[in-house]
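2 protein chains.
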Amino acid sequence: MAYFDASNPSQGASFAHSAAPVFSSETSSFSAFGAKAAQYDTHSVVYYEGDPSKRLYELVKGSVMLYKLLPDGRRQVVEVLRPGDIFGLAGGDEYDCTAETLTEAEVNEIDLKQVERSNELQRTLSTCLTNQMRVLHEHAVLLGRKSAVERVASFLMHLVPARGGIGCVGPDNEEQDGFDLHLHMTRQEIADYLGLTIETVSRVVSDLKRRGVIRVDKADKIHLNKVCSLCQMTGMH
Amino acid sequence: MAYFDASNPSQGASFAHSAAPVFSSETSSFSAFGAKAAQYDTHSVVYYEGDPSKRLYELVKGSVMLYKLLPDGRRQVVEVLRPGDIFGLAGGDEYDCTAETLTEAEVNEIDLKQVERSNELQRTLSTCLTNQMRVLHEHAVLLGRKSAVERVASFLMHLVPARGGIGCVGPDNEEQDGFDLHLHMTRQEIADYLGLTIETVSRVVSDLKRRGVIRVDKADKIHLNKVCSLCQMTGMH
DNA sequence: CGTTCTGTTGACCCACTTCAAGGGTAGTGG
DNA sequence: CCACTACCCTTGAAGTGGGTCAACAGAACG
Numbered sequence: 001m002a003y004f005d006a007s008n009p010s011q012g013a014s015f016a017h018s019a020a021p022v023f024s025s026e027t028s029s030f031s032a033f034g035a036k037a038a039q040y041d042t043h044s045v046v047y048y049e050g051d052p053s054k055r056l057y058e059l060v061k062g063s064v065m066l067y068k069l070l071p072d073g074r075r076q077v078v079e080v081l082r083p084g085d086i087f088g089l090a091g092g093d094e095y096d097c098t099a100e101t102l103t104e105a106e107v108n109e110i111d112l113k114q115v116e117r118s119n120e121l122q123r124t125l126s127t128c129l130t131n132q133m134r135v136l137h138e139h140a141v142l143l144g145r146k147s148a149v150e151r152v153a154s155f156l157m158h159l160v161p162a163r164g165g166i167g168c169v170g171p172d173n174e175e176q177d178g179f180d181l182h183l184h185m186t187r188q189e190i191a192d193y194l195g196l197t198i199e200t201v202s203r204v205v206s207d208l209k210r211r212g213v214i215r216v217d218k219a220d221k222i223h224l225n226k227v228c229s230l231c232q233m234t235g236m237h
Numbered sequence: 001m002a003y004f005d006a007s008n009p010s011q012g013a014s015f016a017h018s019a020a021p022v023f024s025s026e027t028s029s030f031s032a033f034g035a036k037a038a039q040y041d042t043h044s045v046v047y048y049e050g051d052p053s054k055r056l057y058e059l060v061k062g063s064v065m066l067y068k069l070l071p072d073g074r075r076q077v078v079e080v081l082r083p084g085d086i087f088g089l090a091g092g093d094e095y096d097c098t099a100e101t102l103t104e105a106e107v108n109e110i111d112l113k114q115v116e117r118s119n120e121l122q123r124t125l126s127t128c129l130t131n132q133m134r135v136l137h138e139h140a141v142l143l144g145r146k147s148a149v150e151r152v153a154s155f156l157m158h159l160v161p162a163r164g165g166i167g168c169v170g171p172d173n174e175e176q177d178g179f180d181l182h183l184h185m186t187r188q189e190i191a192d193y194l195g196l197t198i199e200t201v202s203r204v205v206s207d208l209k210r211r212g213v214i215r216v217d218k219a220d221k222i223h224l225n226k227v228c229s230l231c232q233m234t235g236m237h
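Here the protein sequences line up with chains Y and U, keeping their order. Position one of the first sequence corresponds to residue 1 (UniProt numbering), numbered consecutively onward. Position one of the second sequence corresponds to residue 1 (UniProt numbering), numbered consecutively onward.
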């Protein structure tokens, strides 16, 4: 079950090497507050669950996941972040999750004390947290109530902009409702995000392929042949 | 599977009757901002998923759950709120969940426009949201990675104050580590919170009883015989 | 051209769901 | 006070979706 027998998360999974970030100078909603911009390599850890929380982070470019580990090594990826998302808030003095990059990533880092002071930051914070909450609510439905196929379909649909949501406009063009997407995640990471095993994810993907819903160019390069029919499989229609 | 075949959430489950709230005049962190205090009966709906979001709510007394429904009637309870928690933030113009009381409840209601203006409210908001996020993260682990026994054990442990967390102090008294608790939830509600069926919840509870870990006085009145041994069953030790 | 890592596929198994029946308990009304 | 009803909960028997175990295929890399 456990894909590695980690007993001490801080010593870390072999797939995640803590790279020393390289600082750059991009702009964002943090930059006016003396935030430092930092670059991270793929699969490097920004912080570990249990580390003392000192900084707040804003993802500027790339992709970051937050995950928690159970003592026996079971892992749950609780969030997959996109540019604009904020992470590192714990509500205590320790981070409640490990933050690890999925791609090369650019991150703005700001001292928590700075955040305390600024009204403007508090404001962006609460809107940002509200959005993340809504995503977490929907993910709870996925984890608690959806079948394996529905989970994978929902996962793929989330990667298609402006489709599958409440205000879904339908296909631009009836006859060619396709979409290309790049996953940036291994099967293991997808499985840990969807509450499944790597084998089940692989099987579902193969099944979708067999049924002509998707085309798999490379393991992480997938073409959706018909977005609408995939959307029908999410359990939400 | 579906315990009722709701197709339109707004027309509503038979177990939830929208009661007109009775207003009172309690105090809270909202009261300085012209918030109205309202009383709700047990199992009454504060708002439905999809309703236009106009107000923000603060739970003062009692218990409220937030849930989402899939079109075929599957339900996932995404949060169980306690006094002090804030709800009603959607990050859009519609509520993303239905809010329903589990007990008689007292709620402070405040206009969203008010919240926009006040820096102080924004501040309490972001700390409150941060705490709820941490709870949601942990619940994602439960839904995605824990067995039925671990889920029920975790659920019960969350109802024991100051135990089972990171800073768990252990039993006050080695030899009598018991605790009485009142659930305020039906088996169906617990099942929908834990991502299980009502039968599985019932079976697990019976099993814990048989093993002498708990004593069931009434369906919703449970005595934990040994908190520590229950804690060992949460998957987190 | 081996080595290593990731992904795929098959066979089997089991934890949980589904289906079905029955028991408890609270509320209601005669 | 008891019968009737309506939930809610429990328990059993059977079915199944996804997990586990194991073998292998493909790509990446030195």
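Every residue, glycine too, gets a C-beta built ideally from N, C-alpha and C. A quick note: this is a predicted structure, and the numbers were derived from the prediction, not measured.
Does the beta carbon of residue i sit closer than 7 angstroms to a beta carbon anywhere in chain U?
| i | result |
| --- | --- |
| residue 97 of chain Y | yes |
| residue 78 of chain Y | yes |
| residue 137 of chain Y | yes |
| residue 89 of chain Y | yes |
| residue 140 of chain Y | yes |
| residue 235 of chain Y | yes |
| residue 102 of chain Y | no |
CA-CA distance, residue i and residue j?
| i | j | result |
| --- | --- | --- |
| residue 105 of chain U | residue 207 of chain Y | 48 angstroms |
| residue 14 of chain U | residue 75 of chain U | Its pLDDT being 37, under 50, residue 14 of chain U is placed unreliably by the model, and the measurement read from it follows with that caveat. Those two C-alpha atoms are separated by around 14 angstroms. |
| residue 201 of chain Y | residue 162 of chain Y | 24 angstroms |
| residue 219 of chain U | residue 182 of chain U | 9 angstroms |
| residue 116 of chain U | residue 48 of chain U | 23 angstroms |
| residue 141 of chain Y | residue 73 of chain U | 12 angstroms |
| residue 95 of chain Y | residue 51 of chain Y | 6 angstroms |
| residue 221 of chain U | residue 156 of chain Y | 43 angstroms |
| residue 98 of chain Y | residue 63 of chain U | 31 angstroms |
| residue 195 of chain Y | residue 32 of chain U | 44 angstroms |
| residue 146 of chain U | residue 169 of chain Y | 37 angstroms |
| residue 77 of chain U | residue 192 of chain U | 5 angstroms |
| residue 178 of chain Y | residue 223 of chain Y | 7 angstroms |
| residue 25 of chain U | residue 41 of chain U | Its pLDDT being 49, under 50, residue 25 of chain U is placed unreliably by the model, and the measurement read from it follows with that caveat. When rounded, the distance between both Cα atoms is 17 angstroms. |
| residue 30 of chain U | residue 125 of chain U | 11 angstroms |
| residue 60 of chain Y | residue 199 of chain Y | 33 angstroms |
| residue 100 of chain U | residue 148 of chain Y | 29 angstroms |
| residue 233 of chain Y | residue 227 of chain Y | 10 angstroms |
| residue 86 of chain Y | residue 65 of chain Y | 12 angstroms |
| residue 92 of chain Y | residue 118 of chain U | 24 angstroms |
| residue 53 of chain Y | residue 203 of chain U | 41 angstroms |
Have a look at the options and flag the residue whose alpha-carbon is nearest the alpha-carbon of residue i.
| i | options | result |
| --- | --- | --- |
| residue 112 of chain U | Y:48, Y:146 and Y:127 | Y:127 |
| residue 58 of chain Y | Y:35, Y:68, Y:172 and Y:153 | Y:35 |
| residue 67 of chain U | U:61, U:56, U:88 and U:83 | U:88 |
| residue 229 of chain U | U:85, U:191 and U:150 | U:150 |
| residue 235 of chain U | U:139, U:176 and U:187 | U:139 |
| residue 103 of chain U | U:54, U:197 and U:83 | U:83 |
| residue 143 of chain Y | Y:79, Y:46 and Y:215 | Y:79 |
| residue 90 of chain U | U:55, U:109 and U:71 | U:55 |
| residue 237 of chain Y | U:70, U:44 and U:45 | U:70 |
| residue 38 of chain U | U:211, U:107 and U:152 | U:107 |
Say whether chain Y places a C-beta atom closer than 7 angstroms to the C-beta of residue i.
| i | result |
| --- | --- |
| residue 232 of chain U | no |
| residue 144 of chain U | yes |
| residue 84 of chain U | no |
Can you tell me which of the three DSSP states residue i falls into?
| i | result |
| --- | --- |
| residue 180 of chain U | strand |
| residue 121 of chain Y | helix |
| residue 98 of chain U | strand |
| residue 26 of chain U | For residue 26 of chain U, the predicted model reports a pLDDT of 49, less than 50, meaning its position is unreliable; a value from the coordinates is still stated below. Looking at residue 26 of chain U - three-state DSSP - the assignment turns out to be coil, as it is neither helix nor strand. |
| residue 157 of chain U | helix |
| residue 40 of chain Y | strand |
| residue 135 of chain U | helix |
| residue 48 of chain U | coil |
| residue 146 of chain U | coil |
| residue 223 of chain Y | strand |
| residue 209 of chain Y | helix |
| residue 111 of chain U | strand |
| residue 194 of chain Y | helix |
| residue 203 of chain U | helix |
| residue 169 of chain U | coil |
Short of 8 angstroms Cβ to Cβ, which residues in the region 107 to 137 of chain U face chain Y? So the close ones are 119, 122, 123, 125, 126, 127, 129, 130, 131, 132, 133, 134, 136 and 137.
Taking a cut of 8 angstroms between CB atoms, which residues from the region 62 to 73 of chain U lie near chain Y? 66, 68, 70, 71 and 72
Residues in the UniProt domain "HTH crp-type" (146 to 228) of chain U with C-beta within 7 angstroms of chain Y's C-beta atoms, listed in sequence order? 195
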